[in-house]
Amino acid sequence: MTTTQEIHSPTFLTGDELSIPTFRLLKQDGTLYDGGEAPELSREQALKIYHSMVATRVLDERMMAAQRQGRLSFYMQCTGEEAAVIGATAALDDADMIMAQYREQGALVYRGFSYDEFMNQLFGNELDYGKGRQMPIHYGSRKLHYMTISSPLATQIPQAAGYAYGQKLAGDELCTLCFFGEGAASEGDFHAALNMAAVHEAPVIFFCRNNGYAISTPSIEQFAADGVAPRAYGYRMHVIRVDGNDILAVLAATRKARRIAVEQNKPVLIEAMSYRLAAHSSSDDPSGYRSKKEEEAWREKDPILRMQHWLVGQGWWNDDEEKALQESLRREVLETMKRAEKRPPPPLDSLVSDVYADVTPTLQRQLDQLKRHIRQYPEAYPKGARSLDPDVKARDDASDAHAQEGE
Amino acid sequence: MTTTQEIHSPTFLTGDELSIPTFRLLKQDGTLYDGGEAPELSREQALKIYHSMVATRVLDERMMAAQRQGRLSFYMQCTGEEAAVIGATAALDDADMIMAQYREQGALVYRGFSYDEFMNQLFGNELDYGKGRQMPIHYGSRKLHYMTISSPLATQIPQAAGYAYGQKLAGDELCTLCFFGEGAASEGDFHAALNMAAVHEAPVIFFCRNNGYAISTPSIEQFAADGVAPRAYGYRMHVIRVDGNDILAVLAATRKARRIAVEQNKPVLIEAMSYRLAAHSSSDDPSGYRSKKEEEAWREKDPILRMQHWLVGQGWWNDDEEKALQESLRREVLETMKRAEKRPPPPLDSLVSDVYADVTPTLQRQLDQLKRHIRQYPEAYPKGARSLDPDVKARDDASDAHAQEGE
Amino acid sequence: MPTMNMLQAINNALDIAMAEDDKVLCFGEDVGIFGGVFRATSHLQEKYGRSRCFNTPLVEQGIIGFANGLAAQGSVPVAEIQFADYIFPAFDQIVNETAKFRYRSGDLFNVGGLTIRAPYGGGISGGLYHSQSPEAYFAHTPGLKIVVPRNPYQAKGLLLAAIRDPDPVLFFEPKRLYRASTGEVPEEDYQLPIGEAEVTREGSDVTVLGWGAQMEVIERAVELAEKEGISCEVIDLRSILPWDQDSVVESVLKTGRLVITHEAPLTGGFAGEVAATVQERCFLYLEAPIARVTGMDTPFPLTLEKEYLADHLKVFEAIKASVAF
Amino acid sequence: MPTMNMLQAINNALDIAMAEDDKVLCFGEDVGIFGGVFRATSHLQEKYGRSRCFNTPLVEQGIIGFANGLAAQGSVPVAEIQFADYIFPAFDQIVNETAKFRYRSGDLFNVGGLTIRAPYGGGISGGLYHSQSPEAYFAHTPGLKIVVPRNPYQAKGLLLAAIRDPDPVLFFEPKRLYRASTGEVPEEDYQLPIGEAEVTREGSDVTVLGWGAQMEVIERAVELAEKEGISCEVIDLRSILPWDQDSVVESVLKTGRLVITHEAPLTGGFAGEVAATVQERCFLYLEAPIARVTGMDTPFPLTLEKEYLADHLKVFEAIKASVAF
Ligand SMILES: Cc1ncc(C[n+]2csc(CCOP(=O)(O)OP(=O)(O)O)c2C)c(N)n1
Ligand SMILES: Cc1ncc(C[n+]2csc(CCOP(=O)(O)OP(=O)(O)O)c2C)c(N)n1
Ligand SMILES: [Mg+2]
Ligand SMILES: [Mg+2]
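Protein chains in written order, with numbering that gives the first Met the number 0: chain Y, 0 to 406; chain P, 0 to 406; chain R, 0 to 324; chain S, 0 to 324.
Laid out in structure tokens, this is it:
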């Protein structure tokens, strides 16, 4: 439906006539802005959120260090964006589906993915739910309603629209939250997704993490507009821009978005303004494309510290607790890492399973041929050769774990 | 760059806070709206525009009739949208590139594509610049700066951005105008194109013909927003919505858009509101998805009549001239159609030329093999068999024509 | 048994699937009230409502992305791509997503419920963009199944099997036969197996292999050949992926000769895969080179379409040449 | 002659092309100031300015659409796709547009100036989406040229030829060799022919054919084979499309045996096309079935990558089996 207003001189609109403000509640010192009202938040949930943020940070620090030591092939940090990711997750029903990009491990932490589960994926061992097929950080959990990460960017956005539409038809009263970066939002799939969700009224929350960069590309070379939020006008979609380093604002905004999605069956767009404090990934060195000064300025806005200040102000947290938490998490990371590293790789058969629901004759032939070949050169394929004389016990563990995960 | 305005309560924007008005100059009776000012338009150009509109309408009527008689395999009409297409074209420099969708033959008429040239394409004969390879209505003309039509929708939109960027680098002071339908604007390529053009400041005019339908799909099932225009906000792009049946408004808007594009190197979006008065194509029957009443309401807004009324008001046109024009055009269509129908098909070699700049050995082998085969069964391949005993004269004509077109 | 054309058989299969399981959804461009530009989804919106049969915006990558999400959620989407020529904007969603969904997640998630229907092929004066046969583009993608029916009976049974198959299926419909091919089709529910070829005619001198609309071309060629005393074994591959190597190999071991035909261009076409496999598995039994009769290595033309196509005369000549080798 | 690794050779070729012709542009994700995630475009923005070397938004279909438009206009775009695994969103622009531009317009317009560069292939612990070898997906597309270099010298000469070729070229770079492969590379401008294979080693018992990073694998396999007294003729196909049938056929007519290897999965891979063609053209000369040593018919795995890959031992075994047949 188009508007019926008329003009009789050729006046162009330029976008300057509208501006989308940023929703903020918490100042960096942990106090609220005047007029700001904290969302309802029990001490218990507040601490769960905070623990998750810290646990994510600690995991990231340790694993990046492990990567530098050569223990891990690849890693990506959530650092700087924990409030955006965990605040959004905390606003959801635990059964809502999350379809993330790759930098949202905080959501999994919040939902209870254990360090062991992280490590098994990172090391692609026999207990990895993904069976060692994808690069590190491509987590997934069926029981936690967290879709397995896929590297091609933005593909999950229209999928989230479809998933949410299915939830609506099923009458689940659930929604899907879809995370993506401001870079990924340039893909054609973004446009497809938002338009389809709006037309078909899918209960989906599109959550854009605008962290300023897509690898080396600053957002100013990604789009000419005032961020991603104004695109909502193109789909007549509810939209809010929120300070992504402000846990309370993210929580409040996402809760409200969820109500719009689930109660009105309408998609919502949230743009969380934040900053990727770390490198893009372990393969990246940001000094080639941005200044230390810029990084420092953002380090001042650390979302975890901000929440910590608020918690302390509430009387819910103190330095001793902080120290104890940090230490226990560090210890746990190191222990679980050691366990996971030592675990054997997935069995050879996992090379051909899950391509289809059942292994096809052609794949069976290819597997048999591979086995014959490995028998000839077992020393050249140590991981595969293990499977030919399987450590039955290890395998049983693995299938137990999978059975659990599959519910 | 994002705005710095802040709010402290989670207020969602919904799109209702903005509305994009429609620019109109001409009422259906040919008089101007109060406060409207006609763009500068010489009698000569006005008549050229009008002639082109009528010539397009006549061509469409006759060719659709020819299709119904089985003389033509397929046809698509511009009917109802002549003002949008021709008004936009008339606002351009003749050397500006036009990249169209398929329903914009009016642009070619305006630029001087002859009925003969149309017919040769429609009948895919040896004089067709496209060498009989594409379906009817896939016109192209290098000398008239009109890119050959391609059926896959929206692919020309990012191409137009790139073409315009090249024009800018070349310092041509020219722009590219890209036509597309409101349906095609749903494709991922649309988003890619507008974003890239905005970021890289390409002098391109994106001209959306919003004619209410994409085949059977009404625009209300195409998008939830107020048309296509609000998407410009997502790219910080100049935008105007114009009455597509109002030749003066389209002309004025596009002229201004062209100045923004060429002088400021900025892309512009124009949304022309109109209606597809005819069926989608000769394969379509609109009675399955829209009412006669709706069609009638739009027939009242006929853009050609509207311009005619204006011309008569200017004292530049009368009934006798109208009658003479109609008759001569009808006659010309029929004559040129007869000529084109009788023309032989393109030679057999055209099957393998232009796949690459030079015919590859494999293709040469395939052609030779085909020729041997056709020699065996000449009666089964009458069009191809002709080439084996070529009518040298006809071929020479064809290559003359191509030489001309290639400049 | 009623007589149906291929469109009616497809419509009937969709109707049965939607009636049986309300998780089945049909959508795509113009498939709603209009029933699709070919009318394969006629009356489904009336019967099952707008939420289960609907028009989508005009965006193939969105249609398949949306369908992938629905399938992952547990729905059973049947997505239509209006012409197979327009499936390419969805190539990433199909090849990188649909095909790899189960594998990459270690079977935590899958999109096995997905079926993608698309009319394909030439012979309708469609030129470059209403004629393509893109099956080989997808056949290089483990995780997909690809099915092409040759007549209404096959279309219904294979489509029902595709919708219920635990893996995602690309279902290419020979649009040239939509109305041209008619035949008896049971009214009841039935399925035909995916992954199995069918020997439609037994013979001893040469095996002739194809799928979809080419089966009709093969029939005409084989009739000419039989008149010249050549005994042909005809195989409809039906599934391009996974394909039934064993049935083809068995036939060639018997006849010693193989002619494969498809509409798509030669280079990189699926006949190459079949030929490469068969020469390996039947090496000592082959009495003539495996012949491929295909479209030419060019985009699909219009005016000279007849010359371009792999028609019955070209297949016939290839059969003769194989036997005479 | 300076020693360069493959990235340096590519960077050098781009530099030469941009210096020579200011219509040459380089763009893609992160190719600007950063010089690309692999640094193939290092310093080009500094040297030639932001208007000729720039970052694009993150949208592959847009990159190629934009590049098609530029090429049609007369510019000479060299577009980078960050990983070949991410070329699929641009599949429609490449297969329906780039490839068919000249043909459909009767040569009024063409995008011959276009070159698309993309790093491809496995062996870098990249899993499903940083390892694919998609050449066969494109090889079914008349109108495209496809080139894959095996070392720095080849990379420079072929890339310069690709940029200047009158047809659009897909240039797949074996990223595993980016830094691993070094060699002497002339500083001057030179071109190597597109469409011609190269015999890199002469031999008499068996022909071993590959391209790109597989050439290194073949070298190792052939060394093992030579130790066992098997004389191998090695061919680097270099161009996948159009491919040099005559050179391959000539070699097989001599050796009577052919082993083809590529990283991509078996089914629908380009080895099938080569095998199908060679069995037809060399039928009476073949002394063993043509063997294909390829990736398995699965998505690309991670932990068991070594097991999955078509490595030198598998190629070696295939050579032995061929000779022993
Ligand atoms: C389709 C596709 N193209 C390119 C890439 C390579 N790539 C991985 S991450 C990335 C940048 C993403 O930026 P953004 O979406 O802003 O997310 P952020 O990393 O900032 O969280 C790119 C280009 C990819 N994974 N998929
Ligand atoms: C990629 C692609 N998908 C589908 C089609 C089939 N198709 C041709 S025209 C059309 C409708 C286009 O509608 P719109 O863009 O509004 O243009 P209009 O016909 O109204 O001028 C469709 C779906 C196509 N040509 N290309
Ligand atoms: Mg980012
Ligand atoms: Mg329309």
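Cβ atoms here follow ideal geometry from the backbone N, Cα and C, with glycine treated the same way.
Using a Cβ cut-off of 8 Å (strictly closer), state whether residue i contacts chain Y.
| i | result |
| --- | --- |
| GLU197 (chain R) | no |
| GLN60 (chain S) | yes |
| TYR136 (chain R) | no |
| THR78 (chain P) | no |
| ALA274 (chain R) | no |
Kindly identify the DSSP beta-bridge partner or partners of residue i.
| i | result |
| --- | --- |
| ASP235 (chain R) | R:GLU197 and R:GLY209 |
| LYS144 (chain R) | R:VAL168 |
| ALA78 (chain R) | R:PHE26 and R:ILE115 |
| SER150 (chain Y) | In DSSP, SER150 (chain Y) forms no bridge with anything. |
| ALA271 (chain P) | P:ARG208 and P:VAL241 |
| TYR145 (chain P) | P:ILE97 and P:SER140 |
| PRO381 (chain Y) | Partner(s): none; PRO381 (chain Y) has no beta bridge. |
Could you check whether the Cβ of residue i sits closer than 7 Å to any heavy atom belonging to ligand 4?
| i | result |
| --- | --- |
| GLU181 (chain P) | yes |
| ARG235 (chain Y) | no |
Is residue i near ligand 3, with its Cβ less than 7 Å from a heavy atom?
| i | result |
| --- | --- |
| ASN210 (chain Y) | yes |
| ALA278 (chain Y) | no |
| ARG219 (chain S) | no |
| ARG275 (chain Y) | yes |
Give me the Cα-Cα distance between residue i and residue j, rounded to the nearest whole angstrom.
| i | j | result |
| --- | --- | --- |
| ARG237 (chain S) | GLY268 (chain S) | 16 Å |
| LYS99 (chain R) | ARG51 (chain R) | 26 Å |
| LYS25 (chain S) | ASN11 (chain S) | It is worth fixing the name first, because residue 25 (chain S) is Cys in this sequence and not Lys. For CYS25 (chain S) and ASN11 (chain S), the distance between alpha carbons rounds to 13 Å. |
| GLN307 (chain Y) | ASN119 (chain Y) | 30 Å |
| VAL251 (chain R) | VAL221 (chain R) | 16 Å |
So that I know if they touch, is there some Cβ in chain P lying closer than 8 Å to that of residue i?
| i | result |
| --- | --- |
| TYR119 (chain R) | no |
| ALA18 (chain S) | no |
| LEU24 (chain Y) | yes |
| SER50 (chain S) | yes |
| GLU36 (chain Y) | yes |
So does residue i have its beta carbon nearer than 7 Å to some heavy atom of ligand 6?
| i | result |
| --- | --- |
| ALA213 (chain Y) | Because ligand 6 does not appear in the structure shown, any question about it cannot be addressed here, the ligands present being ligand 1, ligand 2, ligand 3 and ligand 4. |
Report yes or no: is there a C-beta of chain R within less than 8 Å of the C-beta of residue i?
| i | result |
| --- | --- |
| MET75 (chain P) | no |
| ASP353 (chain Y) | yes |
Is residue i close to ligand 2? I mean its beta-carbon at under 7 Å from any heavy atom of the ligand.
| i | result |
| --- | --- |
| PRO360 (chain Y) | no |
| PRO88 (chain R) | yes |
| GLU59 (chain R) | yes |
What do you reckon, is the C-beta of residue i under 7 Å from a heavy atom of ligand 1?
| i | result |
| --- | --- |
| PRO141 (chain R) | no |
| LEU152 (chain Y) | yes |
Taking only beta-carbon atoms, is residue i less than 8 Å away from chain S?
| i | result |
| --- | --- |
| GLU294 (chain Y) | no |
| ALA393 (chain Y) | With a pLDDT of 49 at ALA393 (chain Y), under the threshold of 50, the predicted position of this residue should be treated as unreliable, though the coordinate-derived value follows. Not an interface residue. |
| GLY165 (chain P) | yes |
Practice task
Check distances from the C-beta atoms of the segment 184-217 of chain Y to those of chain R and list, in chain order, the residues that come in under 8 Å.
Solution key: GLY187, ASP188, HIS190, ALA191, ALA192, ASN194, MET195, VAL198 and HIS199
Exercise for the section: Name, going along the chain, the residues of the segment 96-108 of chain S whose beta-carbon falls closer than 7 Å to a beta-carbon of chain R. Expected result: LYS99, TYR102 and ARG103
Handout entry: Within 8 Å of chain S by C-beta, residues of the segment 117-145 of chain P in sequence order
Key = ASP127, TYR128, GLY129, LYS130, ARG132, GLN133, HIS137, GLY139, SER140 and ARG141
Practice task
Please name the residues in the segment 304-330 of chain P whose beta-carbon is closer than 9 Å to at least one beta-carbon of chain Y, in chain order.
Solution key: none
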